[in-house]
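J.: Sharing a structure below in structure tokens format, with a few things to ask.
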Amino acid sequence: MRATASATPTHTPVPKRSAFARTLPFWLLLPGLLIIAAIQLYPSLFTFYLSVQRIEPGTGRYVFRGLDNFARLLSTQQFQESLAHTVLFLGGYCAFTLACALGIALLLRQRVRLSPLYITLIFVPWVLSDVVAGVIWRLFVVPEYGLFSPFFANPDLFGGSRGISILTSPAAPSILGDLPFPPAPALIFLMLASAWKILPFTTLLILAALQTVPQEVLESGSIDGATGRQSFRYITLPLILPTLAVTLFNLTLGGINGVGMVFSLTGGGPGTATEVLSYLLYSIGFARLDFGLAAALSTLMSMLNLVLVVSTLRLTGVQED
Amino acid sequence: MATTVKSLTPSPFHLPKRARSVLLNLALILVCMLMLFPVFSTLVLSFKQQSDVRSLPPRLFPCNTATDTFDLAACRFFGEGYERVFLAKPSPNALLGFQITGRIFSTYLPNTVLYAFATAFFVTIISAMSAYVYSRYRFRGRRALMIALLVLAGVPVLTMLLALQQTANGIRRIIPGYEERIFMIIVYVGLELPFAIWVVKGFFDTIPKELEEAALIDGCSRFGALVRVVAPLATPGLMSIFLLAFVNVWNEFIVNYLLMSKQNLRGAMYGVFDFIAQSLSSYNALAAACVLVMVPVIVVFLFTRRVFFRAMVEGAIKG
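Shown next, in the form of structure tokens:
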């Protein structure tokens, strides 16, 4: 990683440069590289390494066990269940967030005089922490005294009495055999709360993309007789499609990795109904202290995320400069 | 101008300009109210007294009279919830005559302030140094390094924590009595850096090279050019990365929770999390705790929103 100062313009009249000046880029890069290597790279690699090891009960030493951990993980019912929860959660979360964000962004693009004010107000939930957001939504549905508790506890609306709070009521019997569908009400509530938190960010991304759609194209479209809906379908949508895809990947990444709201809103419950993959990773690695299993799960999740990141890079086409 | 062109073509949704504008504004106001409602209701709840928290059926405003009609004059707002968070006890030695014994204020918030300021400071400086090199020099492996930064962003933070926790335990064993808060800050800096480097590089790319070259011709060193020319011009961008890192660390929970073995080194979000179990059914206190830890970031955001949006859009489009 030897840096050559080829970018230095040749006409720069610097007759003699000290050793420090010549190696300046290296010294500038060093602190960042060291810290990232220590805090992100090494721990990740160590965890991947752990995923093919197992601690010997007697000696406490690591023994190479191949894909044993992965086999163990895939065979547990807990993993299969939480994978299903994650897929259900992600599907609902991404679809709901994207649809709402697109709608709000389209409203905001209409040259409203107050739109900076609206954007600012809409953006407030984004600066809250997951924990606080989770508590706020939890307070809506605490047994009996939550603002929405009577609504969700209404037997006419939600078929029979199913517990006092939406966070403790069990799921309806599954209609798809092994798949936990329909999901427990708590999972849907988690979806709503998470969508509320991320919606501002998604809206801002889509709005930024909408503003790059050239006004002239839309105008010439409407001179040629395109209705509002047609110009959205045939001009705007194709132009913002890459951004929508990037946004979708962003949402999926956040949805897979985020764990704070599960902690403060549902704690994985009722039962294991809201135990998504990231929460399962927490409970295996930090509560049950089964490092090998947790490392295997980590590796699987990282691989999934890697696919998402690489797809995003492809779509945005990160340029050379 | 779009509307004047549109009026040439008859549309089933054609509305006069004024009516269209009113409808748009109404729709946007509705959206804002929906988005802000959870925050607002928490604020109201935090000022209720316990008997109103437990009113059945639940009411948003504690403003009902004895005959159950809404009356502004009957509104009852109290600081009961906040008292439970602060737990102020009279103390003759303290500056104001009382001492705050609620752990959120006495322990967790000061920790968070320290972590957030220190992390934001170091992230800004280190990311500016790295980003300058990525923006101005061409060298072999540069692109690979930049991509590697993004790829690392895809590894779940819990994955790193599995190993980092063991590291933390190891250091604690080897060096008894070392300052764990330093480790915490280094971890935060490491977690925030990759994204920050990308964003700051984007800002540096927009600063014309000619300005620096002029400084170099005038005898300024390369390092001097970075400190005296580029960094001042990029101040708004650097500020945005400072604020972003600050808010991220302020809001962070899981890393802090899992790496700090001692409770009194944990941050405000742990305080709120801990409070969930402590304040069973005294929901006004829980709401007050939420308000107290979220108000600082909301205020910071409202005063610096432009700076925020710049970093967000810059970072999101690039990465």
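If you read the sequences in order, they're chains W and S. Quick note on numbering: the first sequence equals residues 253 to 573 in the working numbering. Quick note on numbering: the second sequence equals residues 11 to 329 in the working numbering. Cβ atoms here follow ideal geometry from the backbone N, Cα and C, with glycine treated the same way.
1. How about residue 190 of chain S and residue 275 of chain S: are their beta carbons less than 8 Å apart?
2. Across which residues does DSSP place residue 314 of chain W in a beta bridge pair?
3. Is residue 100 of chain S helix, strand or coil by DSSP?
4. Could you give the uninterrupted runs of the beta strand (DSSP E) lying entirely in the region 273–309 of chain W, keeping only those of 3 residues or more?
5. Cβ of residue 125 of chain S within 8 Å of Cβ of residue 277 of chain S?
6. In the DSSP assignment, find the unbroken alpha helix (DSSP H) run with residue 293 of chain S in it and report its ends.
7. What in chain W is Cβ-close to residue 35 of chain S, meaning under 8 Å?
8. Which same chain residues end up closer than 8 Å to residue 114 of chain S when comparing Cβ atoms and leaving out the 5 residues on each side of it in sequence?
9. Is the separation between the beta-carbon of residue 531 of chain W and that of residue 520 of chain W shorter than 8 Å?
10. Taking 6 Å as the limit between beta carbons, can you name the residues of its chain near residue 542 of chain W, skipping five residues before and five after?
11. Residues of the region 507–523 of chain W in Cβ contact with chain S at a cutoff of 8 Å, in chain order, please.
12. Residues in the same chain with beta-carbon distance under 8 Å from residue 53 of chain S, minus the five sequence neighbours each way, listed in chain order, please.
13. Report, in whole angstroms, the separation of the C-beta atoms of residue 547 of chain W and residue 172 of chain S, which I expect to be a contact under 8 Å.
14. Specify the secondary structure class of residue 263 of chain S as computed by DSSP and reduced to three states.
15. Give the residues of chain S in contact with residue 404 of chain W, contact being defined as C-beta atoms less than 7 Å apart.
16. Find the residues of chain S that neighbour residue 387 of chain W, judging by a C-beta separation of less than 7 Å, and give them in chain order.
17. Which chain C residues are close to residue 118 of chain S, counting only those with a beta carbon under 9 Å from its beta carbon?
18. Helix, strand or coil for residue 87 of chain S per DSSP?
19. Using only CA atoms, which one of S/181, S/228 and S/247 lies nearest to residue 209 of chain S?
20. Using DSSP bridges, identify the partner residues of residue 80 of chain S.
21. Would you list, in sequence order, the uninterrupted alpha helix (DSSP H) runs of no fewer than 4 residues that lie entirely inside the region 496–556 of chain W?
22. Is it the case that the Cβ atoms of residue 359 of chain W and residue 70 of chain S are separated by a distance below 8 Å?
23. Looking at chain W, which residues of the region 41–71 of chain S have a Cβ within less than 7 Å of any of its Cβ atoms?
24. What separation, rounded to the nearest whole angstrom, lies between the Cα atoms of residue 390 of chain W and residue 510 of chain W?
25. Taking CB distances under 8 Å as the criterion, tell me whether residue 401 of chain W reaches chain S.
26. Step through the CB atoms of chain S and report whether any lies within less than 8 Å of the CB of residue 316 of chain W.
27. Against residue 490 of chain W, what residues of chain S qualify as contacts under a CB-to-CB distance less than 8 Å, listed in chain order?
28. For the alpha helix (DSSP H) that residue 136 of chain S lies in, which residues bound it at each end?
29. Alpha helix (DSSP H) containing residue 274 of chain S: first to last residue?
30. For residue 288 of chain S, does the three-state DSSP call read helix, strand or coil?
31. Can you find the residues in the same chain that come closer than 8 Å, C-beta to C-beta, to residue 307 of chain W, ignoring five residues on each side of it along the sequence?
32. By a C-beta neighbour count over all protein chains shown, 10 Å radius and 16 as the cutoff for buried, is residue 271 of chain S buried or exposed?
33. Since residue 125 of chain S meets chain W, which of its residues come closer than 8 Å, beta carbon to beta carbon?
34. When the Cα atoms are used, what is the spatial distance from residue 312 of chain S to residue 372 of chain W?
35. With DSSP run on the structure shown, which of helix, strand or coil describes residue 59 of chain S?
36. Which of the three DSSP states is assigned to residue 109 of chain S in this structure?
T.: Judging by the given coordinates:
1. As a first step, residue 190 of chain S must be located in the second sequence, where it is residue number 180. As a first step, residue 275 of chain S must be located in the second sequence, where it is residue number 265. Residue 190 of chain S is a Cβ neighbour of residue 275 of chain S, given a cutoff of 8 Å.
2. Here residue 314 of chain W corresponds to residue number 62 of the first sequence, with the count starting at 1. BP columns for residue 314 of chain W point to W/307.
3. As a first step, residue 100 of chain S must be located in the second sequence, where it is residue number 90. Three-state result, residue 100 of chain S: strand.
4. Within the region 273–309 of chain W, the complete beta strand (DSSP E) runs of at least 3 residues are 305–307.
5. As a first step, residue 125 of chain S is located in the second sequence; it is residue number 115 there, counting from the start. As a first step, residue 277 of chain S is located in the second sequence; it is residue number 267 there, counting from the start. Yes, Cβ-Cβ distance for residue 125 of chain S and residue 277 of chain S is below 8 Å.
6. Indexing the second sequence from 1 puts residue 293 of chain S at position 283. For residue 293 of chain S, the enclosing alpha helix (DSSP H) starts and ends at 293–313.
7. Residue 35 of chain S sits at position 25 when you count from the first residue of the second sequence. Residues of chain W passing the Cβ test: 364 and 366.
8. Your numbering for residue 114 of chain S matches position 104 in the second sequence. If we look at residue 114 of chain S and ignore the five residues flanking it on each side, its Cβ neighbours are 95, 278, 281, 282, 285, 299, 302 and 303.
9. Position 279 of the first sequence holds residue 531 of chain W. Position 268 of the first sequence holds residue 520 of chain W. Their beta carbons are under 8 Å apart, which means residue 531 of chain W touches residue 520 of chain W by this criterion.
10. Position 290 of the first sequence holds residue 542 of chain W. Here the set comprises 536.
11. 508, 509, 511, 512, 515 and 516
12. Residue mapping note: residue 53 of chain S aligns to position 43 of the second sequence, counting from 1. The residues are 297 and 301.
13. By 1-based counting over the first sequence, the position of residue 547 of chain W is 295. By 1-based counting over the second sequence, the position of residue 172 of chain S is 162. Indeed they touch by this definition, with Cβ atoms about 6 Å apart.
14. In the second sequence, residue 263 of chain S corresponds to position 253, counting from 1. Looking at residue 263 of chain S - three-state DSSP - the assignment turns out to be coil, as it is neither helix nor strand.
15. As a working note, residue 404 of chain W is residue 152 in the first sequence. Neighbours of residue 404 of chain W on chain S: none; closest Cβ ~12 Å, over 7 Å.
16. In the first sequence, counting from the first residue as 1, residue 387 of chain W sits at position 135. Result: 282, 286, 296 and 300.
17. The chain labelled as chain C is not found among the protein chains of the depicted structure, namely W and S.
18. Taking the second sequence and counting its residues from 1, one reaches residue 87 of chain S at position 77. Here residue 87 of chain S sits in coil by DSSP.
19. Counting from one through the second sequence, the residue named residue 209 of chain S turns up at place 199. It is S/247.
20. Translated into positions along the second sequence, residue 80 of chain S becomes position 70. S/74.
21. 529–534
22. As a working note, residue 359 of chain W is residue 107 in the first sequence. As a working note, residue 70 of chain S is residue 60 in the second sequence. No, Cβ-Cβ distance for residue 359 of chain W and residue 70 of chain S is not below 8 Å.
23. Residues passing the 7 Å Cβ filter: 41, 42, 45, 46, 48, 49, 51, 52, 55, 63, 64, 66, 67, 68 and 70.
24. Taking the first residue of the first sequence as 1, we reach residue 390 of chain W at position 138. Taking the first residue of the first sequence as 1, we reach residue 510 of chain W at position 258. Approximately 17 Å between the Cα atoms of the pair.
25. In the first sequence, residue 401 of chain W corresponds to position 149, counting from 1. Chain S, which has a Cβ nearer than 8 Å to the Cβ of residue 401 of chain W, makes this yes.
26. Position 64 of the first sequence, counted from the start, is the residue given in the question as residue 316 of chain W. No, its Cβ sits nowhere closer than 8 Å to a Cβ of chain S.
27. Translated into positions along the first sequence, residue 490 of chain W becomes position 238. Simply none; closest approach about 18 Å.
28. As a first step, residue 136 of chain S is located in the second sequence; it is residue number 126 there, counting from the start. Unbroken alpha helix (DSSP H) run through residue 136 of chain S: 119–146.
29. Here residue 274 of chain S refers to the residue found at position 264 of the second sequence. Note, residue 274 of chain S: premise wrong, no alpha helix (DSSP H); not H, not E.
30. Numbered from its first residue, the second sequence carries residue 288 of chain S at position 278. Three-state result, residue 288 of chain S: helix.
31. Taking the first sequence and counting its residues from 1, one reaches residue 307 of chain W at position 55. Excluding residues within five positions, the ones whose Cβ falls inside 8 Å are 313, 314, 315, 543 and 544.
32. Here residue 271 of chain S refers to the residue found at position 261 of the second sequence. Residue 271 of chain S should be labelled exposed.
33. Counting from 1 along the second sequence, the entry for residue 125 of chain S is found at position 115. What residue 125 of chain S touches in chain W: nothing, since even the nearest Cβ is about 13 Å away.
34. Taking the second sequence and counting its residues from 1, the one referred to as residue 312 of chain S is at position 302. Taking the first sequence and counting its residues from 1, the one referred to as residue 372 of chain W is at position 120. Near 7 Å, if we compare the C-alpha coordinates of residue 372 of chain W and residue 312 of chain S.
35. By 1-based counting over the second sequence, the position of residue 59 of chain S is 49. Note: residue 59 of chain S maps to coil in three-state DSSP.
36. By 1-based counting over the second sequence, the position of residue 109 of chain S is 99. Strand.
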